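Novice: Okay, handing you the structure first.
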Amino acid sequence: MMNNPLPIRDLLVPGKRAHLAGIGGVSMCPLAEVLHGMGLQIQGSDMNESDTVEHLRSLGISVAVGHNADNLGDCDLVIRSAAIHDGNPEIAGAVARGIPVYERAQAWGAIMQHYPNALCVSGTHGKTTTTSMCTHIFMAAQADPTVMIGGTLPLLRSGYRVGKGDTIILESCEYCNSFLSFFPTVAVILNVEPDHLDFFKDLQDIEHSFHKFAALVPPAGSVIVNADNPGAMESVEGLPHPVFTFGLDHPADCTAANLTEEDGRPVFDIFIRGKKYAHVTLHVYGRHNVLNALAAAAAAHALGLPGRAVEEGLAAFAGAGRRFEHKGTYHGAELYDDYAHHPDELHALLTTARELGCKRLVVAFQPHTYSRTAKLFDRFVEELKLPDVTILAEIFAAREQNTLGISSADLCRNIPGAVYCSTLEKVTEQLRQVAQPGDLILTVGAGDIYRAGEALLRQEK
């Protein structure tokens, strides 16, 4: 963290010039647009040209490709993504010139202080889906929220919106303790599992971080936690004010009753402290999405929304981008794409897909980061034995260098029948060879594995 003389909120005012390092990132792009809309002069840099970069340029935001200290120009402050480290030439250049450097999360934290209600959705997984469900509910209630999601929501045609209501809804990530820069009035904790072990020491360290996040909520606010997840419950032990729980398997303040399925999709009543709040028909699959819906409903209840808004909002929710997203059909096989990159997410995704009655489940998986693959190796092997056909793309490096000497080929050797592909082009070719009518094909991972599926669909035309 840089040693800055001023809190960032003092600099986020009209007329100031902010340079965003890593401006093309999933939460940096909306930040750029929000600050631009607030009257700041925004510029930035990113490593590559992209649709996002072109979009920002279309708004009059200058974006340089590549990181160079000369890109800073006469900016008043620098905001960086979590992937930009101290050794980056723009960060080093800013420090040398006395230009204050802030983290992305600090900027979002400053923005949310302008809202009476700050709904922050956290957890190892399920954040994007639950934040999207909350958005649908608040939009159904005509609450005109401001939103920041770590993915694309079809309702918004993007991952964010700037509203004029009194609520901001943010997906809140624990990596590098980012969410500790936030100011939640409602904090949702979906689950707490071992992840981001390149930063956290162990599960206890992660639980401690979530505890500090929950403790940020003021006494008049709400902490909403999954009663079915031991790590989540452990993280709120000893909080000075009560927590509000949701769950299916353990006693909870918010739970589901009369749970049935229609065409595989969950239908249920939501009860809050013994009183019926809403009747919900989901259009997304899986028990994990029932829990996500309960979390979103609990947040809506905490902020005084009627059950009708929950019913309408969830009925209109058909999934977020890259969350079991149907992409098309190839030679009679249905192709879906999903962002899952943790073993728990893989398990929920693959078991749900299995229940849809496909002829075969064909999965092309791209592990995300070397450290996660190495530290959760055995868990990945276990889950990747579930599909009928497993194809492994090379590990997506993201922010890392391969100092561990690990490869997806190592996973492949431990999964009977699995196929390793060193490039996405080879993944596409392998999918083309194995696809059969009645198959459910899944491209899975937080990197660019979706490109392999999109290339396959182009061959259908």
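Note that my numbering has the sequence shown beginning at 54, numbered continuously upward.
Where is the CB? At the ideal position from N, CA and C, for every residue including glycine.
In this text, all values refer to a predicted model and were calculated from it rather than measured experimentally.
#1: Helix, strand or coil: which one does DSSP assign to Phe-191?
#2: Which partner residues does Gln-96 have in the DSSP bridge list?
#3: Which full runs of the alpha helix (DSSP H) of 4+ residues lie inside the segment 131-183, going along the chain?
#4: If you drop the 5 nearest sequence neighbours on each side, which residues of the same chain put their C-beta closer than 6 Å to that of Ile-502?
#5: Going by C-alpha distance, which of Tyr-389, Gly-491, Tyr-392, Ala-355 is nearest Lys-412?
#6: How is Asn-101 classed by DSSP in three states: helix, strand or coil?
#7: Residue range of the alpha helix (DSSP H) that Tyr-503 falls in?
#8: Can you tell which of Ile-494, His-354, Ala-160, Phe-253 has its C-alpha closest to the C-alpha of Ile-323?
#9: How about the segment 124-143 and the segment 198-207: do they share at least three Cβ pairs that are nearer than 8 Å?
#10: Could you say which of Cys-187, Arg-452, Leu-112, Arg-511 lies nearest to Glu-478 if we only look at CA atoms?
#11: In or out: His-379 buried (at least 16 other Cβ within 10 Å) or exposed?
#12: Within its chain, find whatever has a CB closer than 8 Å to the CB of Arg-425; leave out the 5 residues flanking it on each side and keep chain order.
#13: With a cut-off of 8 Å on the beta carbons, I'd call Asp-99 and Gly-75 a contact; round off their distance for me.
#14: With a cut-off of 8 Å, does the C-beta of Arg-407 fall near any C-beta of chain D?
#15: Can you round the beta-carbon distance between Ile-152 and Leu-172 to whole angstroms, since I take them to be within the 8 Å contact cut?
#16: Write down the C-beta distance between Met-286 and Val-276 rounded to the nearest angstrom, noting that I regard them as a contact closer than 8 Å.
#17: With the cut-off set at 8 Å, would you say His-120 and Phe-370 are in Cβ contact?
#18: Can you find the residues in the same chain that come closer than 6 Å, C-beta to C-beta, to Glu-387, ignoring five residues on each side of it along the sequence?
#19: Could you give the distance in angstroms between the alpha-carbon of Cys-307 and the alpha-carbon of Gln-96?
#20: Pick helix, strand or coil for Glu-314, following the three-state DSSP scheme.
#21: Is Pro-60 helix, strand or coil by DSSP?
Specialist: On the basis of the coordinates in this document:
#1: helix
#2: His-72, Ser-115
#3: 142-150, 157-165
#4: Gln-419, Ala-446, Thr-496
#5: Gly-491
#6: coil
#7: 503-513
#8: His-354
#9: no
#10: Arg-511
#11: exposed
#12: Asp-248, His-249, Leu-250, Asp-251, His-394, His-395
#13: 6 Å
#14: Considering every chain present, this structure includes no chain D. It has just one protein chain.
#15: Going by Cβ atoms, the distance from Ile-152 to Leu-172 rounds to 33 Å, so no, they are not a contact pair.
#16: Met-286 to Val-276, Cβ: 11 Å. No contact.
#17: no
#18: Leu-493
#19: 45 Å
#20: strand
#21: coil
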